[in-house]
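**Student:**
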Amino acid sequence: YDAMQRLAGTGFELDYIGDNLVARLPRLSSILQSSRLQGALTSVLGERYFRYNHCFVHQAQTSDQGFHKDSHFPWSLRGALRSHRPNWVMAFYYPQETTIELGATQIIPGSQYWNVNHEEDELKQGEDRLDYEYGPIGVAEDLSERDRRLGQSLEEFDADSRPMPVLVPKGSVVLVNFDLFHRGARRLVEGDRFMFKFWFAR
Numbered sequence: 057y058d059a060m061q062r063l064a065g066t067g068f069e070l071d072y073i074g075d076n077l078v079a080r081l082p083r084l085s086s087i088l089q090s091s092r093l094q095g096a097l098t099s100v101l102g103e104r105y106f107r108y109n110h111c112f113v114h115q116a117q118t119s120d121q122g123f124h125k126d127s128h129f130p131w132s133l134r135g136a137l138r139s140h141r142p143n144w145v146m147a148f149y150y151p152q153e154t155t156i157e158l159g160a161t162q163i164i165p166g167s168q169y170w171n172v173n174h175e176e177d178e179l180k181q182g183e184d185r186l187d188y189e190y191g192p193i194g195v196a197e198d199l200s201e202r203d204r205r206l207g208q209s210l211e212e213f214d215a216d217s218r219p220m221p222v223l224v225p226k227g228s229v230v231l232v233n234f235d236l237f238h239r240g241a242r243r244l245v246e247g248d249r250f251m252f253k254f255w256f257a258r
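Counting from 57, one number per residue, gives the positions in the sequence shown under my numbering.
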């Protein structure tokens with residue numbers, strides 16, 4: 057966490073770390089190689105799982121993401137079919153306590169079985185998005201309008217589902233079904249909320 061604060065404080069663009077995240081912050085290796093995480097991944101993906109090269113660090117902003125599923129191959133390319141069998145897992149690592157005020161990740165439990173496919177400009181979009189019809193929800197100045205449009209995008213797809221914030225203590229790793237709808241929520245207070253995303257495959 058301290059290393060990320062130092063990087064963010066220098067004006068360094070976190071997006072540029074990209075797939076070099078572990079190389080830039082080698083202390084992450086001890087987390088990724090911990091016996092508890094390896095045991096959890098083995099129980100879901102089997103003994104021959106591997107870490108896919110793509111990884112990313114997200115920093116909570118005052119904007120909101122819409123609910124989406126990641127595409128299997130970055131960035132927004134439909135290169136693989138989704139499967140009810142957990143062939144892919146995302147690991148979210150939070151180096152600080154994560155609260156609603158700091159912009160906790162939101163997930164929609166059970167949504168790994170949903171599917172929405174979109175095409176735009178004859179290009180198939182790898183990310184399934186619930187906000188596709190609504191434009192960029194996350195930058196509207198009126199926060200109540202953001203909430204209304206986020207709620208509408210979910211209700212029109214499944215009126216019985218409710219989002220759940222991922223509230224975790226410092227140092228937590230959360231395993232998430234790769235096909236789960238999720239989003240980064242807006243930060244309401246000063247402070248940093250980082251989330252490191254790693255992909256693992258059967």
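Virtual Cβ for every residue (Gly too), placed ideally from N, Cα, C.
What's the gap between the Cα of V230 and the Cα of A147?
**Tutor:** Rounded to the nearest angstrom, the two C-alpha atoms are 6 Å apart.
**Student:** Does the beta-carbon of S167 have 16 or more other beta-carbons within 10 angstroms, so that it is buried, or is it exposed?
**Tutor:** So S167 counts as buried.
**Student:** Check each candidate in R239, E153, R80 and A96 and name the one with the smallest Cα separation from L223.
**Tutor:** Comparing Cα positions, the closest option is E153.
**Student:** Per DSSP, W144 is paired with what?
**Tutor:** Paired residue(s): A257.
**Student:** Is it true that the region 213–221 meets the region 102–122, where meeting means three or more beta-carbon pairs spaced less than 8 Å apart?
**Tutor:** The answer is no - the region 102–122 does not touch the region 213–221, with fewer than three Cβ pairs under 8 Å.
**Student:** Compute the Euclidean distance between the alpha carbons of W170 and D187, then round it to the nearest angstrom.
**Tutor:** C-alpha separation (whole angstroms): 14 Å.
**Student:** Considering only the alpha carbon of each residue, which of E212, A196, L97 and A160 lies closest to R185?
**Tutor:** Checked all of E212, A196, L97 and A160; the closest Cα to R185 is E212.
**Student:** Go ahead and pull the three-state DSSP assignment for T154.
**Tutor:** It is a strand residue.
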